Amino acid sequence: MNHTKGNITELASDFVFDLLKTKLPSLHVYHNFTHTAEVVDSIKKIGSKSGLSEDELEPVILAGWFHDTGFTVSADNHEDKGIEIARDFLKANQYPENKIEVVLSCISSTRYPQAPQNLFEEIICDADLYHLGTKEFSDKSDLLRVEWEKTCNKQYTDLEWLRINIDFLTTHKFFTKYAKKAYDEKKAEALVKLQKRYRKKLEQAEEDKKASDKLELERIKIEAKNANNLKSARGIETMFRNTVRTHVEFSAMADGKANIMISINTLIIGAILTVLLRKLDVNPQLIIPTFMLLTVSLVCIIFAIMVTRPKYSTGTFTKEDIQKKRTNLLFFGNFHAMPLSDFEWGMNEMMNDKEFLYGSMIKDFYYLGQVLGRKYKYLRICYTIFMYGLIASVIAYAIAFTTMPIQPMNLFE
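For the sequence shown, our numbering begins at 7 and goes up steadily by one.
Structure (structure tokens):
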């Protein structure tokens, strides 16, 4: 049957519609007639903007209709299958042989990675992937993902799929001048959005991994407790007891050191207030060193008191806290205001749950360490201020004694 000018594309459209309707599996939710028609429309637009006439553009339009028909046979090398289908159709309709070769080369050029050799091939390559530079990109990407999952059994996580899209957009390029102007900007915006989503997903994946690792660690702990090669419960309890005793001794040492600082600086302040302060009118050059020493002693006393200052808590808990293992009954601050009956019930629950018991011991050990850390932090600050402050005060007194004569003072007046 001879083709008439203008109707060969209509015949091709009807043929491809019937072919895809009857032979294309419904699982192809992306490579279907809708996609084919959109590619043809895009070919017409890009071809027109590229200066091609209708006659010149006709082989490219025909290639657009047939470029994905190979999916009716197989997804693998579907371009080759599409070439065979197009050749048979065009020969049956007595399409010119030289134009058939143009159609077939255009179909072949759509295989990835694209490497068009002329303007015709550039047009169909850009039209085939025009959606990369439109708002439709995200929806089309989702359809392709579903199609690959159903037809190729390719399963991807959200993170993997984002990475695939980012890599694809990064390496892809439009070829025609019109496509570059019309689609490159939107494609760049899509790439930026994908990068942001990827980083966010990556951070979420890292958080999920940490949570998973934490759960795995808890599982290992539980299995380890039941393993025959672990130490006995008595040995574990002995370890906790010895460790807690050591930390209590450290706490007592910190309190003792703080009391030393309080005593020393109290004596210094007492001496300044009762003896030296009243004589400053005779030797005014000692005012600055005296107030330096007074300030140092006062600050040291404040930090020493912070070391020994107890922390007060409400001393109550609820049954929900016990059931969800959120409280530590080994620390008096969590139960001192509770009725005896509630406390006994809570203790029995804890003793009947080995995991709860050991968890409470671990928490008790941890929070004791937190208290010790705070104590020794303040204690170090206290001793540092005392050391450097005392040195500075002595230097200040030395300067005062050497620069100005000291008037005799009767310290017992």
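C-beta atoms are modelled at their ideal positions from N, C-alpha and C, and glycine is treated no differently. In this text, all values refer to a predicted model and were calculated from it rather than measured experimentally.
DSSP places ASN124 outside any alpha helix (DSSP H), giving it a letter other than H or E. Under the three-state reduction of DSSP, LYS179 is assigned to coil, being neither helix nor strand.
Residue state for ASN13 is assigned as coil, using DSSP reduced to three classes.
In chain order, THR78 place their CB closer than 6 Å to the CB of LYS29, counting only its own chain and leaving out the 5 sequence neighbours on each side. Between THR116 and HIS34, the C-beta spacing is not below 9 Å. Pairing LYS160 with GLU62, the inter-Cα distance amounts to about 40 Å. By the Cβ rule, the stretch 49-61 counts as touching the stretch 128-136, because three or more pairs are nearer than 8 Å. Contact annotation: THR301 and ASN265 have beta-carbon atoms that are not nearer than 9 Å. Rounded to the nearest angstrom, the gap between the Cα atoms of TYR162 and LYS199 is 19 Å. Under the DSSP assignment, LEU149 falls in the alpha helix (DSSP H) whose first and last residues are 143-157. DSSP places GLY57 outside both helix and strand once states are collapsed to three, so it counts as coil. Inter-residue distance for GLU142 and ALA69 is about 23 Å (C-alpha atoms, whole angstroms). With respect to the C-alpha of GLU85, the residue from VAL109, TYR189, PRO102 having the closest C-alpha is VAL109. For PRO119, there is no enclosing alpha helix (DSSP H), as DSSP gives it neither H nor E. The closest CA to that of ALA133, considering only SER111, ASP145, SER48, is found on SER48.
With the rule of 3 Cβ pairs closer than 8 Å, the stretch 369-386 does not count as touching the stretch 272-281. Here SER303 is buried, its C-beta having at least 16 other C-beta atoms within 10 Å. With contacts defined by Cβ atoms closer than 9 Å, CYS112 and HIS137 do not form a contacting pair. Nearest Cα to ILE368 within the set ALA43, LYS216, ARG247, ASP20: ARG247.
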